[in-house]
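Chemist:
Numbering (the UniProt record's numbering), first residue to last: 1 to 366.
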């Protein structure tokens, strides 16, 4: 009897102790929920707001930086069509220097030590960046070289805006995505618009100019394909390792710099075409100032695009970039009176209409 009573007392004390521990755990979870904004595995409202603010910031950088970059680039092209390699080198070098603190621990020189740096631990293995480096470098150089082959910037903007078909095909075969018939129809509309704009003839009708333009168009379409591949590679990387877009900017640009050793002559000729000593005697060279603006806005544009890539899919990013290019096209025609004809006008309208309709019918979300 005594043993039975002692067992009941021990059992009741154990029950009370478990109840107290349970209430403490509940209070702990409540405090954690208040401090982190997460309750029972639900997404944090603070985290959602943070992601939304990142997307808004990225959109501002894309529309502001990229549009300003197109303006400055077209200003430089009015001086010389052979500045593509020089501009690309300056952009790569500046972006590498600006993004270096995110990947390197830099120690300033002291009386006892020279300037030194240490590589910070990477989230992504180095070998993962090399493919992106090749794709980025090839796409950028081909895009900038195309202007030396009589391709007007208006046509370049329209062709570069037709990246949706490339993203859709690559997404289907490489990422195993599925698309609705409305999505496919919208992309088909974009494709027809790009073909119409590409095959439209300029007012001069010069045969040699047409042959040069054909070479430039081949470069543009190759650049478009490489850009689509880069978007897929970035999406795969960010899915596996998280939104490490700052690391992506540094390594993809820093690892591209050694390749410019083989383009030394092109770079030197490009700088020579922009360098005017007589203007420097009176103050500063206008072309060099525009080059500095172009390099800085390229950094702003690349930062926005990479930050956008870390939060949205490659196709959604393509829709945003297409809208930005529509704005750039309007600015180009308004400010420079660029090469324009009814074929390019109709093709551009089809490209931008198809892109916007895709944004409304797609099931992918920001």
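Just so it is clear, CB atoms sit at the ideal spot from N, CA and C, and this is done for glycine as well.
Are residue 306 and residue 234 close, meaning C-beta to C-beta below 9 angstroms?
Modeler: The residue you call residue 306 lines up with position 306 of the chain shown. The residue you call residue 234 lines up with position 234 of the chain shown. Closer than 9 angstroms, so yes.
Chemist: Helix, strand or coil: which one does DSSP assign to residue 151?
Modeler: Here residue 151 corresponds to residue number 151 of the chain shown, with the count starting at 1. Residue 151 falls in the coil class under three-state DSSP.
Chemist: When the Cα of residue 298 is compared with those of 89, 165, 53, 356, which residue comes out closest?
Modeler: In the chain shown, the residue the question calls residue 298 occupies position 298. If we check each option's Cα against that of residue 298, 89 comes out closest.
Chemist: Going by the DSSP bridge assignment, what does residue 373 pair with across the sheet?
Modeler: Residue 373 lies beyond the stretch modelled for the chain, which goes from 1 to 366, so this question has no answer here.
Chemist: Classify residue 24 as helix, strand or coil using the three-state DSSP reduction.
Modeler: What you label residue 24 is simply residue 24 of the chain shown in a count that begins at 1. At residue 24, the pLDDT of 48 sits below 50, so the modelled position is not reliable and the matter cannot be decided from this model.
Chemist: Got a sec? Which residues, its chain only, sit under 7 angstroms from residue 325 by beta carbon, not counting five neighbours each side?
Modeler: Working through the chain shown from its first residue, we reach residue 325 at position 325. So the qualifying residues of the chain are 157, 160, 161.
Chemist: Spatial neighbours of residue 358 within its chain, please: CB distance less than 7 angstroms, with the 5 preceding and 5 following residues excluded, ordered by chain position.
Modeler: In the chain shown, the residue the question calls residue 358 occupies position 358. Same-chain partners within the cutoff: 164, 183, 186, 187, 319.
Chemist: Contact defined as beta carbons within less than 8 angstroms: I believe residue 216 pairs with residue 82. What is the distance between those atoms, to the nearest angstrom?
Modeler: For the purposes of this step, residue 216 is identified with residue 216 of the chain shown, where counting begins at 1. For the purposes of this step, residue 82 is identified with residue 82 of the chain shown, where counting begins at 1. Their Cβ separation, rounded to whole angstroms, is 13 angstroms, which puts residue 216 and residue 82 out of contact at 8 angstroms.
Chemist: Is it true that the stretch 342 to 355 meets the stretch 189 to 201, where meeting means three or more beta-carbon pairs spaced less than 8 angstroms apart?
Modeler: Short answer: they touch.
Chemist: On the premise that residue 99 lies in contact with residue 386, defined as a C-beta separation below 8 angstroms, what is that separation, rounded to the nearest angstrom?
Modeler: Only positions 1 to 366 of the chain appear in the structure, and residue 386 is not among them; the question remains open.
Chemist: For residue 348, count neighbouring C-beta atoms within 10 Å of its own C-beta (all shown protein chains included) and say buried if the count is 16 or more, exposed if not.
Modeler: Here residue 348 refers to the residue found at position 348 of the chain shown. Per the 10 Å Cβ criterion, buried.
Chemist: Leaving out the 5 sequence neighbours to the left and right, which residues in its chain are closer than 8 angstroms to residue 267 when beta-carbon positions are compared?
Modeler: The count along the chain shown starts at 1 and reaches residue 267 at position 267. Excluding sequence neighbours, residue 267 sits near 85, 86, 89, 260.
Chemist: Could you pull the start and end residues of the beta strand (DSSP E) that residue 127 belongs to?
Modeler: Translated into the one-based positions of the chain shown, residue 127 becomes position 127. Taken as a continuous stretch (DSSP letters only), residue 127 belongs to no beta strand (DSSP E), being part of the alpha helix (DSSP H) at 126 to 145.
Chemist: Determine the extent of the alpha helix (DSSP H) in which residue 185 is found, giving its start and end residues.
Modeler: Locating residue 185 in the chain shown gives position 185, counting from the first residue. Per DSSP, residue 185 belongs to the alpha helix (DSSP H) from 181 to 199.
Chemist: Write down the C-beta distance between residue 154 and residue 250 rounded to the nearest angstrom, noting that I regard them as a contact closer than 8 angstroms.
Modeler: Taking the first residue of the chain shown as position 1, residue 154 is located at position 154. Taking the first residue of the chain shown as position 1, residue 250 is located at position 250. The pair is not a contact, with the Cβ atoms about 33 angstroms apart (cut-off 8 angstroms).
Chemist: Using the three-state DSSP reduction, which class does residue 119 fall into: helix, strand or coil?
Modeler: Position 119 of the chain shown holds residue 119. Note: residue 119 maps to strand in three-state DSSP.
Chemist: Would you give the residue range spanned by the alpha helix (DSSP H) that residue 104 belongs to?
Modeler: Along the chain shown, read from residue 1 onward, the residue named residue 104 stands at position 104. No alpha helix (DSSP H) holds residue 104; the beta strand (DSSP E) holding it covers 104 to 107.
Chemist: Within the chosen definition, does the stretch 286 to 302 reach the stretch 50 to 69 through at least 3 CB pairs nearer than 8 angstroms?
Modeler: Yes, the stretch 286 to 302 touches the stretch 50 to 69.
Chemist: Just the Cα atoms here: how many angstroms apart are residue 77 and residue 273?
Modeler: Position 77 of the chain shown holds residue 77. Position 273 of the chain shown holds residue 273. Going from the Cα of residue 77 to the Cα of residue 273 covers about 10 angstroms.
Chemist: Once DSSP output is grouped into helix, strand and coil, what is the label at residue 97?
Modeler: On the chain shown, position 97 is the one that residue 97 refers to. Correct three-state label for residue 97: helix.
Chemist: Could you compute how far the alpha carbon of residue 203 sits from the alpha carbon of residue 341?
Modeler: Here residue 203 refers to the residue found at position 203 of the chain shown. Here residue 341 refers to the residue found at position 341 of the chain shown. Reliability of the predicted coordinates at residue 203 is poor, the pLDDT of 48 falling under 50, and the value obtained from them is presented with this limitation in mind. So the two alpha carbons sit approximately 8 angstroms from each other.
Chemist: Mapping the DSSP letters down to three states, classify residue 69 as helix, strand or coil.
Modeler: Within the chain shown, numbered from 1, the residue matching residue 69 stands at position 69. Three-state result, residue 69: helix.
Chemist: May I ask you to report which of helix, strand or coil DSSP gives residue 317?
Modeler: Taking the first residue of the chain shown as position 1, residue 317 is located at position 317. Residue state, collapsed to three classes: helix.
Chemist: Let me know the secondary structure DSSP gives residue 341 once reduced to three states.
Modeler: The residue given as residue 341 occupies position 341 in the chain shown. Residue state, collapsed to three classes: coil.
Chemist: For residue 213, count neighbouring C-beta atoms within 10 Å of its own C-beta (all shown protein chains included) and say buried if the count is 16 or more, exposed if not.
Modeler: As a position in the chain shown, residue 213 is number 213, starting the count at 1. Under this definition residue 213 is a buried residue.
Chemist: Starting from residue 310, trace the alpha helix (DSSP H) both ways and give me its first and last residue.
Modeler: Here residue 310 refers to the residue found at position 310 of the chain shown. Segment: none, residue 310 is in no alpha helix (DSSP H) and carries neither H nor E.
Chemist: Here's the rule I'm using: 16 or more other beta-carbon atoms within 10 Å means buried, otherwise exposed. How should residue 193 be labelled?
Modeler: On the chain shown, position 193 is the one that residue 193 refers to. So residue 193 ends up on the buried side.
Chemist: What are the boundary residues of the alpha helix (DSSP H) that residue 272 is part of?
Modeler: Walking along the chain shown from the start, residue 272 turns up at place 272. Residues 264 to 274.
Chemist: List the endpoints of the continuous alpha helix (DSSP H) containing residue 245.
Modeler: One-based indexing of the chain shown puts residue 245 at position 245. From DSSP, the alpha helix (DSSP H) with residue 245 extends over 245 to 254.
Chemist: Kindly indicate which three-state DSSP category residue 10 falls into: helix, strand or coil?
Modeler: As a working mapping, residue 10 is identified with position 10 in the chain shown. Model confidence at residue 10 stands at a pLDDT of 47, short of 50, so the residue's coordinates are unreliable; what they give is reported in the following sentence. It is helical.
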